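Engineer: Okay, so the sequence shown: first residue is 21 according to the numbering used here, each after it adds one. Cβ coordinates follow ideal geometry from the N, Cα and C atoms, glycine included. If you're wondering where the values come from, they're calculated on a predicted model, not measured in any experiment. Encoded as structure tokens, here's the structure I'll be asking about.
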Amino acid sequence: MAPNLRIGVDVGGTNTDGVVLDLSRSKEPDKGIVAWKKLNTTKNPSNGINNVIREMFDQSSIDPNDVASVTIGTTHFINAVVEMDASRLGEVAVIRLCGQFSKDIPIGIDWPPRLRNIICKYRGLVDGGLKIDGSLIAELDSQGIKNIAIVGIFSPIDIVFKQEETAAAIVRNFYPEADVVCSKGVANIGFLERENAAILNASILSFARHSIHFFQDAVTRLGLKCPVFVTLNDGTILPASATARLPIRTFSSGSTNSMRGAGFLIGFPRQATAYSEICGVRTNFSYPDVRSIGLGGGSTVGRTKTGTLMVGPESVGYQITQKALFFGGSTPTATDYTVLADTSSSLGDRSKAEVPDLTTSLSEFKIGVKSMLEQIVDTMKTSPEDIPVVLVGGGTLISPDVLAGGSKVVKPNWSGVANAIGAATARVSGVVDSLSERAIERAVANGALRETVTIAEMEGYPFQYIANKSRIIVKAVGDFDYSRSDFEAEIPDTNGASCTWSESNAKETEPARDDSSVTQSIAFTKEYIDTYEPQVTNRVWVLSETALEFITTGCYILGTGGGGNPYQHFLRLRKSKRAGAILRVISPQDLKDDDLVACGGAKGSPQVSIEKPYDSDCVIHLEIGGGNGLQGLIIGSSTALDIPAIDGDWIGRAYPVSWQMTPVVYERKAMMVPTCISDGNGRIIVTPTELDAERALRAALSQMGYHVGCAKGPVSGENTKKWVVENTMSLAWRIGHAVALSRCTKMDDTVAESIVAEVGKIVGVERVLRMGHAYYEVIIESTSGDPSSAKERMIIPIKNGNIYAEIENASGKGEILAMVPDIVGVLDAQNGEALGTQDYRYGLPVIVLGITASEKWTSTARGLEIGGPKGFGFNNLKYKPLGRFSKPKSVIDEFNVTQ
21 MAPNLRIGVD
31 VGGTNTDGVV
41 LDLSRSKEPD
51 KGIVAWKKLN
61 TTKNPSNGIN
71 NVIREMFDQS
81 SIDPNDVASV
91 TIGTTHFINA
101 VVEMDASRLG
111 EVAVIRLCGQ
121 FSKDIPIGID
131 WPPRLRNIIC
141 KYRGLVDGGL
151 KIDGSLIAEL
161 DSQGIKNIAI
171 VGIFSPIDIV
181 FKQEETAAAI
191 VRNFYPEADV
201 VCSKGVANIG
211 FLERENAAIL
221 NASILSFARH
231 SIHFFQDAVT
241 RLGLKCPVFV
251 TLNDGTILPA
261 SATARLPIRT
271 FSSGSTNSMR
281 GAGFLIGFPR
291 QATAYSEICG
301 VRTNFSYPDV
311 RSIGLGGGST
321 VGRTKTGTLM
331 VGPESVGYQI
341 TQKALFFGGS
351 TPTATDYTVL
361 ADTSSSLGDR
371 SKAEVPDLTT
381 SLSEFKIGVK
391 SMLEQIVDTM
401 KTSPEDIPVV
411 LVGGGTLISP
421 DVLAGGSKVV
431 KPNWSGVANA
441 IGAATARVSG
451 VVDSLSERAI
461 ERAVANGALR
471 ETVTIAEMEG
481 YPFQYIANKS
491 RIIVKAVGDF
501 DYSRSDFEAE
511 IPDTNGASCT
521 WSESNAKETE
531 PARDDSSVTQ
541 SIAFTKEYID
551 TYEPQVTNRV
561 WVLSETALEF
571 ITTGCYILGT
581 GGGGNPYQHF
591 LRLRKSKRAG
601 AILRVISPQD
611 LKDDDLVACG
621 GAKGSPQVSI
631 EKPYDSDCVI
641 HLEIGGGNGL
651 QGLIIGSSTA
661 LDIPAIDGDW
671 IGRAYPVSWQ
681 MTPVVYERKA
691 MMVPTCISDG
701 NGRIIVTPTE
711 LDAERALRAA
721 LSQMGYHVGC
731 AKGPVSGENT
741 KKWVVENTMS
751 LAWRIGHAVA
761 LSRCTKMDDT
771 VAESIVAEVG
781 KIVGVERVLR
791 MGHAYYEVII
801 ESTSGDPSSA
811 KERMIIPIKN
821 GNIYAEIENA
831 SGKGEILAMV
841 PDIVGVLDAQ
851 NGEALGTQDY
861 RYGLPVIVLG
871 ITASEKWTST
881 ARGLEIGGPK
891 GFGFNNLKYK
901 PLGRFSKPKS
911 VIDEFNVTQ
């Protein structure tokens, strides 16, 4: 008889949980749970795993020969990051294979400052990297350094030159003891997110390698012959030996295991949004929507320099039985306070904690913990209504039974070992992000039984402007093939370190609790947003970080799905501002007639921008939508002249071609010539007319990396006032302000004045490439109304950006609700953020909104011909206004203070 039992173990910082499952009995009242146990985590995690499995065997007289697998999940690695523990996090150097690109973006630019100071120690820029079509940016010219992550532009598609691998070989040749991480093996396309992931992976590699070795050792000492797996962020598993190379893929597995366990016991978690964060670090991993806070039984409790009671994020972890007050130690922990509040508790000696400070601060502790939990619940909610809150894991002991925002608090049976249940029920996966479908073979290679493998996710993205090139992401999932015995058993040890436990592996530190010397981002609250006012003096608007965040959010929404994500531009501007730069904005109506206004921006594929960081830019924005909406601020604040940006642009949104601008609407002759483009690598092209620019430059993109900086001839102040779409930066600010406020109040449908569809979810995305532009349509199905009734669907055709929104009822009859030049935006319903067309994927809950276009487009036949449906090839459609246009109110006019 084949083995039928699965063991799941979750190794936390404080407790190690275990469960033995018979999945053939999962429908029975006991869910097939044969045995379960919760014990303290030990200094050497091998002993804790061994202890919990041994006690479960004794508890239910389990024969080891009946065990098919042991799957281990852990919060060890994420705890090291959450707690910012320098004893477990290594310092990392980064080599970027990028030429001069990204020189203005330091590593860890968007990290929490304290974590960045621990990990991010060096950055080197060397020639190298690829263009999106796989050709070289430059030949490789590298240097060897110790403990590094190597990150090449578009390295995930580099299957020919293998530059990251070449650089890694050079480093290892000179420094065999070094730990070298290649980013292409860590994460997918998305330069900053992949670099962040590679840095975190390198930082935790040594600690993780030792830990996973001890996981395997624990199973071996029990005499078990079954394979050992480790759970990943997305709820699937890989053999332990494989995960030792990529421990970052386990970073959120502890939380994910708990969610999978909750799903097994009661329900199912939702997936994360387009981008996810690990302890404040932006990544592009796929896993359920998880937010981590430093709150658990071992969390230390102390006071800041200002006297405020602070719970976590530091933890005594596995040393709770030595350090906590109830066990005779000297460190106040969350467990001490919890047991002190529960007079019926038999855990520890209550008298040892009945000290004045704990007794007097008990109510403060309860309020603090309740506030932390309510804040994270509020962050996770997608509507203002109270919803059920399911609490699982060891932290349920310190959690209150009532939380604001929760209609009820549920603590299901076996909630204390839900993480172990999630580990035991995980499946094998294989994911590829490339130009071919190899996911099934990847899953089988990882251990899946071929006949059980199914395609769980599949998405295809034609790259804008790039013929015959697509990005295909496929994820396959299947049950493990227990007949396999060909897995690598040894844990890789690239630096030659001995895998023996010592004090150096678990040395104790007392990290500082206060980091007030480093600039932190502002945490938005309703009160802060309601009272915030822009700084405008003598009709000059000086942008704060808050204003910059608002404008960035608004720019992406105004991009109508195209225009590229402005996030990198925001990071660059925030860095400049923190270094002393002044970001100034003036009204176009304050220009003198003989002033000269420069113009430029980026041209090419938005997909390139997520890999190839920007470098050059403009003064008036070419378009407010997407990344170009911040370009004027970048050049204006980075020159000795301190040139202000204009509160306006030439489009009022994002458009794909250069002749779709208001100067072309009002003047038939070329007015902004010559036009110049540069690839940032020494190649420059100049053209004399707008028509020549669009034809010649579009063709040149294929030879210049599909993304270039673009500068146009200057325009007089007189003509700027005639042609400009006014106050669009003010509009972006107001949209961003509305989004931020909606997050605080959980009213995501307030982000614009005109909502053209209720909340729905994407049920289909069809993509093709024509004439260098991505043409496709996204299909959105309503999630409102009777679940059993037929659903209305919305269809949005796309040419790089959203063209129109058509509602289709159950009978198939359609009605167009909004169309270009009016703005049709698609927002993530979970956080109000804009989604670029590259982010559209099945199952993502979204809100569709419409904003009326400027009269600069709609008041003339030529404007509608260029910027309306005919400008996109829809000659059979007649423009129907979404609403009556009202010029955005100028921030400068509203908030100006004269001195």
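(1) Is PRO841 near THR878, with beta carbons less than 8 Å apart?
(2) Look at the Cβ atom of GLY652, then the Cβ atom of GLU643, and state whether they are nearer than 8 Å.
(3) Check TYR824 in the structure and name its three-state DSSP category.
(4) Which residues mark the beginning and the end of the alpha helix (DSSP H) in which ILE224 is found?
(5) How long is the line joining the alpha carbons of THR186 and ILE170, rounded to whole angstroms?
(6) Go ahead and pull the three-state DSSP assignment for ALA496.
(7) Quick test of the definition: if touching needs 3 or more C-beta pairs under 8 Å, does the region 97-113 touch the region 221-240?
(8) ASP669 bridges to which residues according to DSSP?
(9) Output needed for THR872: all residues of its chain with C-beta closer than 6 Å, excluding positions within five of it in sequence on either side, in chain order.
(10) If you follow the alpha helix (DSSP H) that ALA100 is in, where does it begin and where does it stop?
(11) Expressed to the nearest angstrom, what Euclidean distance is found between the alpha-carbon atoms of LYS428 and ASP406?
(12) By alpha-carbon positions, which one of SER831, ALA830, ASN829 and MET814 ends up nearest to ILE823?
(13) Using the Cβ count rule (16 or more neighbours within 10 Å means buried), how would you classify ILE179?
(14) With distance defined between alpha-carbon atoms, name the residue in VAL497, PRO432 and VAL745 nearest to ALA463.
(15) Rounded to whole angstroms, what's the CA-CA distance from TYR587 to GLY856? Just pull it up for me.
(16) State the CB to CB distance for the pair ILE340 and THR34, rounded to an integer number of angstroms; the pair is presumed to be in contact (CB under 8 Å).
(17) To the nearest angstrom, report how far apart PRO734 and ASP913 are at their CA atoms.
(18) Could you round the C-beta distance between GLY583 and GLY646 to whole angstroms and report it? I think they count as a contact, below 8 Å.
(19) Under the DSSP definition of a beta bridge, which residues are partnered with ARG323?
(20) Give me the Cβ distance between SER89 and CYS246, rounded to the nearest whole Å; I'm assuming they're in contact under 8 Å.
(21) Pull up the DSSP beta-bridge partners for ILE92, would you.
(22) In whole angstroms, what is the alpha-carbon distance linking ASN67 and THR351?
(23) Using the C-alpha atoms, what's the distance from GLY318 back to VAL917?
(24) Which parts of the region 582-606 are runs of the alpha helix (DSSP H), unbroken and 4 residues or longer, counting only runs that do not cross its ends?
(25) Rounded to a whole number of angstroms, what is the C-alpha to C-alpha distance between LYS325 and GLY332?
(26) Taking all protein chains shown into account, decide if LEU360 is buried (16 or more other Cβ within 10 angstroms of its Cβ) or exposed.
(27) If I follow the unbroken beta strand (DSSP E) through ARG116, where does it start and stop?
(28) My assumption, with CB atoms under 8 Å, is that GLY672 sits in contact with SER874. Please give the rounded CB distance.
(29) Tell me the residue span of the beta strand (DSSP E) that contains TRP56.
(30) Please name the residue or residues paired with MET839 in a DSSP beta bridge.
(31) Going by Cα to Cα distance, which pick from GLU853, GLY52 and ASP147 is closest to LEU117?
(32) Quick check: what's the CA-CA separation for GLU687 versus CYS619?
(33) Let me check one thing: in DSSP terms, what residues is GLY729 bridge-paired to?
(34) Is ASP421 buried or exposed, if buried means 16 or more other CB atoms sit within 10 Å of its CB?
(35) In chain order, what residues of the same chain lie with their CB nearer than 6 Å to the CB of GLU334, ignoring the 5 residues before and after it?
(36) My guess is that VAL430 and VAL410 are in contact by the Cβ rule of under 8 Å, so how many angstroms apart are they, rounded?
Structural biologist: Inspection of the coordinates gives the following:
(1) Less than 8 Å separates the beta-carbon of PRO841 from that of THR878.
(2) no
(3) strand
(4) 211-241
(5) If you draw a straight line from the Cα of THR186 to the Cα of ILE170, it comes to about 10 Å.
(6) strand
(7) Contact between the region 97-113 and the region 221-240 is present, because at least three Cβ pairs lie under 8 Å.
(8) HIS641 and VAL745
(9) ASP842, LEU902, GLY903 and PHE905
(10) 96-102
(11) LYS428 and ASP406 have their C-alpha atoms roughly 8 Å apart.
(12) MET814
(13) exposed
(14) Its Cα nearest to that of ALA463, the residue VAL497 stands out among VAL497, PRO432 and VAL745.
(15) One C-alpha to the other measures close to 12 Å.
(16) 6 Å
(17) Roughly 26 Å between the two C-alpha positions.
(18) Contact between GLY583 and GLY646 holds, with the beta-carbon distance rounding to 2 Å and staying under 8 Å.
(19) BP columns for ARG323 point to LEU329.
(20) 5 Å
(21) VAL29 and VAL250
(22) 24 Å
(23) 52 Å
(24) 587-598
(25) 15 Å
(26) buried
(27) 112-117
(28) 5 Å
(29) 53-60
(30) Partner(s): TYR824.
(31) Selected option, being the one with the closest Cα: ASP147.
(32) 17 Å
(33) GLY729 pairs with ALA622 and SER698.
(34) exposed
(35) GLU103 and THR320
(36) Indeed they touch by this definition, with Cβ atoms about 5 Å apart.
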